[in-house]
Amino acid sequence: VPSIGYGSFPLFKQWRGAIGFMLHPVAYMKEGYAKHKDSYFKISTLQDEYVIVSDKEKIAEYLAAPDHVLNFQDGANDAVQIPWTMGYGVAHRTYHVPAVRITLTQHIAANIAGMLEQIHEGMDTLIGKPADWVEVPIYDVIVKIVAKVSNRAFSGTLLCQNEQHLNNAIAYAQDVFLSSEIIRAFPNWLKPFLIMLTPIYRRRRLAIKLMGSIVQERLDTDYEAQGKKKPDDMIQWLVDSAPPIERTMPQIVERIMALNVASIHTTTMTLTSALYILGAEWEKYTPILRAEVRQHCEGGEITKQTLGKLVKLDSFLRESGRFNNTGLVSLNRNARKEFRFKDGTVIPAGARVGAPSLAIHNDPQYYLEPEKFDGFRFSRMREESAKPMKHQMVSTDIDYLPFGHGKHACPGRFFAVNEMKLIFANLLLRYDLKLIPGTAPARMFIGTMAIPETKLKVLMRSIPIQKSHAAAEA
Numbered sequence: 008v009p010s011i012g013y014g015s016f017p018l019f020k021q022w023r024g025a026i027g028f029m030l031h032p033v034a035y036m037k038e039g040y041a042k043h044k045d046s047y048f049k050i051s052t053l054q055d056e057y058v059i060v061s062d063k064e065k066i067a068e069y070l071a072a073p074d075h076v077l078n079f080q081d082g083a084n085d086a087v088q089i090p091w092t093m094g095y096g097v098a099h100r101t102y103h104v105p106a107v108r109i110t111l112t113q114h115i116a117a118n119i120a121g122m123l124e125q126i127h128e129g130m131d132t133l134i135g136k137p138a139d140w141v142e143v144p145i146y147d148v149i150v151k152i153v154a155k156v157s158n159r160a161f162s163g164t165l166l167c168q169n170e171q172h173l174n175n176a177i178a179y180a181q182d183v184f185l186s187s188e189i190i191r192a193f194p195n196w197l198k199p200f201l202i203m204l205t206p207i208y209r210r211r212r213l214a215i216k217l218m219g220s221i222v223q224e225r226l227d228t229d230y231e232a233q234g235k236k237k238p239d240d241m242i243q244w245l246v247d248s249a250p251p252i253e254r255t256m257p258q259i260v261e262r263i264m265a266l267n268v269a270s271i272h273t274t275t276m277t278l279t280s281a282l283y284i285l286g287a288e289w290e291k292y293t294p295i296l297r298a299e300v301r302q303h304c305e306g307g308e309i310t311k312q313t314l315g316k317l318v319k320l321d322s323f324l325r326e327s328g329r330f331n332n333t334g335l336v337s338l339n340r341n342a343r344k345e346f347r348f349k350d351g352t353v354i355p356a357g358a359r360v361g362a363p364s365l366a367i368h369n370d371p372q373y374y375l376e377p378e379k380f381d382g383f384r385f386s387r388m389r390e391e392s393a394k395p396m397k398h399q400m401v402s403t404d405i406d407y408l409p410f411g412h413g414k415h416a417c418p419g420r421f422f423a424v425n426e427m428k429l430i431f432a433n434l435l436l437r438y439d440l441k442l443i444p445g446t447a448p449a450r451m452f453i454g455t456m457a458i459p460e461t462k463l464k465v466l467m468r469s470i471p472i473q474k475s476h477a478a479a480e481a
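Position 97 of the sequence shown, counted from 1, bears residue number 104 in the numbering used here, the numbering being contiguous throughout.
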């Protein structure tokens, strides 16, 4: 497998490649894809070599490999250092995945009213009703609203109003990703000690203080024997499905915090990036998107059925996911055994494998003028396609990778997409939003991980709420 950035001089070439990739990750990935689009290339990191599979057929080939050969969870554990940043149980006993993929998804419609409650309250508190343009730190607003909405689904009304818990969960999500990049460079035996020096350890202890009594009560209560109705939230679903070794208060708290990481980080990045684009071209997109939302409100309210009809809004968010990549590489797998492609190329045991998501999303073979943001790219595809659902935001493919693809695609994407639509639609109904003249969001990568723009402020002003939507605000 050819390498990128190693140079011709043999001495320390892998280290030179690793330092080059650390300094210029996007350039290295683009170079590798341009030279080896139909095959493979490898890049060096400070820890190891990373095999990048560029060709669609070959990507499909390695995705079809069984987990005992190319393992998804090992790849995820490696990418975010989960055994140390989020806990051994989260890394190796993934009983939370069915709770997210099945139970949380099934409860989306039932949770809409509570989610809207948190959205309206968050917007009233964090933005207010400014009659004229005011500067708003939109990342800070969105991350807090996402945290409130997610925790409304996770714990009912128990935690979504607790400011200390919300701030701790938000900080924990940020600390996990930053700490993972720091400890990655060190040997595994040292990582348990290093993680105690990061804010993560303090965040976990605070989470136990804030959530411990709630979780312990769930563990101790025999609802059936007492003739009580069980709470219908994520805490209870985890308590009911946890294996015996995980059915303890600290482990359930740890799991809820891990789910906060998953729900807050990517959702906030994707939604904020979409709002930056809306702000850059607000006169082009806002009237069309706002009209679509107003048209499909039912009895003045946004419902689950409303969300399903917002084809243009769905397209705008999907295009934002393509255009504003949350990382350079997706579909990470770690080789537990040697894997051989049909062309004879061998991935040795212990190697890391991934697909170049940013390069694929910017390939004209898959997308017309990929360097341009086209908010209605996917709504047109839906109109022209015999399989229109293939182009909705929750759908994954080898050429659309924000949520991964295949049997291990993001289990929470159905909840996340509905959450983003709810927040975005309500912003459209209540506010105008545009960028401050002369400003634009910065893009930055540390290794393969995208770092979101968090400091950019936008201009917002309140708009009159039409009578058709007034009932939703009552």
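Glycine is no exception: its CB is placed at the ideal position from the N, C-alpha and C atoms.
- Task: Would you give the residue range spanned by the alpha helix (DSSP H) that Met218 belongs to?
- Result: Within the sequence shown, numbered from 1, the residue matching residue 218 stands at position 211. For Met218, the enclosing alpha helix (DSSP H) starts and ends at Pro206 to Asp227.
- Message: Quick check on DSSP: helix, strand or coil for Ala481?
- Response: For the purposes of this step, residue 481 is taken as residue 474 along the sequence shown, with counting starting at 1. Per-residue confidence for Ala481 stands at a pLDDT of 38, beneath the threshold of 50, marking its modelled position as unreliable; the derived number appears in the next sentence. Three-state DSSP puts Ala481 in coil, outside helix and strand.
- Which residue's Cα is closest to the Cα of Ile458: Lys311, Val183, Leu111 and Ile354? Residue mapping note: residue 458 aligns to position 451 of the sequence shown, counting from 1. Ile458 has its Cα closest to that of Val183, out of Lys311, Val183, Leu111 and Ile354.
- Query: Where do the N-terminal and C-terminal ends of the beta strand (DSSP E) with Gly361 fall, by residue?
  - Reply: Stepping through the sequence shown from its first residue, residue 361 is reached at position 354. That run of the beta strand (DSSP E) goes Arg359 to Ala362.
- Query: When DSSP labels each residue in this structure, what does Ser475 get in the three-state scheme?
  - Reply: The residue you call residue 475 lines up with position 468 of the sequence shown. Confidence in Ser475 is poor, its pLDDT being 48 and thus under 50, which makes the residue's placement too unreliable to answer from.
- Can you say whether Trp244 is buried or exposed, counting buried as having 16 or more other CB atoms within 10 angstroms of its CB? Reading the sequence shown from its first residue, position 237 is the one you call residue 244. Trp244 is buried by the Cβ-count criterion.
- Let me know the secondary structure DSSP gives Arg389 once reduced to three states. As a first step, residue 389 must be located in the sequence shown, where it is residue number 382. Three-state result, Arg389: helix.
- Query: Does the separation of the CB atoms of Gly12 and Tyr35 fall below 7 Å?
  - Reply: Reading the sequence shown from its first residue, position 5 is the one you call residue 12. Reading the sequence shown from its first residue, position 28 is the one you call residue 35. Result yes, Cβ atoms of Gly12 and Tyr35 sit closer than 7 Å.
- Item | Cβ-Cβ separation, Arg359 to Asp147 (assumed contact under 8 Å), whole Å | Looking up residue 147 in the sequence shown gives position 140. Looking up residue 359 in the sequence shown gives position 352. Not really, about 34 Å apart at Cβ, beyond 8 Å.
- Query: If we count the other Cβ atoms within 10 Å of its Cβ and call it buried at 16 or more, is His275 buried or exposed?
  - Reply: Residue mapping note: residue 275 aligns to position 268 of the sequence shown, counting from 1. Residue 275 is actually Thr in this sequence, not His. Flag for Thr275 reads buried.
- Verify whether the separation of the beta carbon atoms of Met218 and Val260 is less than 7 Å. On the sequence shown, residue 218 is found 211 positions in, with the first residue counted as 1. On the sequence shown, residue 260 is found 253 positions in, with the first residue counted as 1. Between Met218 and Val260, the CB-CB gap stays under 7 Å.
- Message: Using 7 Å as the threshold, is the C-beta distance between Val353 and Ile145 below it?
- Response: Indexing the sequence shown from 1 puts residue 353 at position 346. Indexing the sequence shown from 1 puts residue 145 at position 138. In this structure, Ile145 does not lie closer than 7 Å to Val353 by Cβ.
- Nearest-angstrom Cβ-Cβ length linking Leu278 and Ile430, presumed shorter than 8 Å: Taking the sequence shown and counting its residues from 1, one reaches residue 278 at position 271. Taking the sequence shown and counting its residues from 1, one reaches residue 430 at position 423. With a beta-carbon spacing of about 6 Å, Leu278 and Ile430 fall inside the 8 Å limit used to define contacts.
- Message: Any heavy atom of the ligand ATP inside 6 Å of the beta-carbon of Gly12?
- Response: Looking for the ligand ATP in the displayed structure turns up nothing, as the structure carries no ligands at all.
- Straight-line gap, Arg191 to Phe79 (C-alpha atoms, nearest Å): As a position in the sequence shown, residue 191 is number 184, starting the count at 1. As a position in the sequence shown, residue 79 is number 72, starting the count at 1. If you take the alpha carbons of Arg191 and Phe79, they lie about 18 Å apart.
- When the Cβ atoms of the segment 189-203 are set against those of the segment 85-92, are three or more pairs found closer than 8 Å? Using a C-beta cut-off of 8 Å, the segment 189-203 makes contact with the segment 85-92, since at least three inter-stretch Cβ pairs fall below that distance.
- Task: Output the distance between the C-alpha atoms of Ile453 and Lys349, rounded to the nearest integer angstrom.
- Result: Mapped onto the sequence shown, residue 453 falls at position 446. Mapped onto the sequence shown, residue 349 falls at position 342. Rounded to the nearest angstrom, the gap between the Cα atoms of Ile453 and Lys349 is 33 Å.
- Task: Go ahead and label Met130 buried or exposed: buried means 16 or more other beta carbons lie within 10 angstroms of its beta carbon, across all protein chains shown.
- Result: Within the sequence shown, numbered from 1, the residue matching residue 130 stands at position 123. Burial call: buried.
- Query: Hey, which unbroken runs of the alpha helix (DSSP H) at 4 residues or more fall wholly within the segment 401-459?
  - Reply: You should have 420-437.
- Task: Mark Leu266 as exposed unless 16 or more other C-beta atoms lie within 10 angstroms of its C-beta, in which case mark it buried.
- Result: Position 259 of the sequence shown holds residue 266. Classification of Leu266: buried, given that the 10 Å Cβ count is 16 or more.
- Item | Distance, Asp239 Cα to Tyr230 Cα | The residue you call residue 230 lines up with position 223 of the sequence shown. The residue you call residue 239 lines up with position 232 of the sequence shown. For Tyr230 and Asp239, the distance between alpha carbons rounds to 12 Å.
- Query: So the beta strand (DSSP E) Arg468 belongs to, where does it begin and stop?
  - Reply: By one-based count along the sequence shown, residue 468 stands at place 461. Where Arg468 is concerned, the enclosing beta strand (DSSP E) stretches over Val465 to Ser469.
- Message: So, at 6 Å on beta carbons, what are the nonlocal neighbours of Pro448 in its own chain, with the 5 sequence-adjacent residues on each side left out?
- Response: The residue labelled residue 448 in the question sits at position 441 within the sequence shown. Once the five neighbours on either side are set aside, the close Cβ partners of Pro448 are Tyr283, Glu460 and Leu463.
- Item | Candidates Thr255, Gly307 and Ile152: closest to Asn169 by CA position | By one-based count along the sequence shown, residue 169 stands at place 162. Among Thr255, Gly307 and Ile152, the Cα nearest to that of Asn169 is on Ile152.
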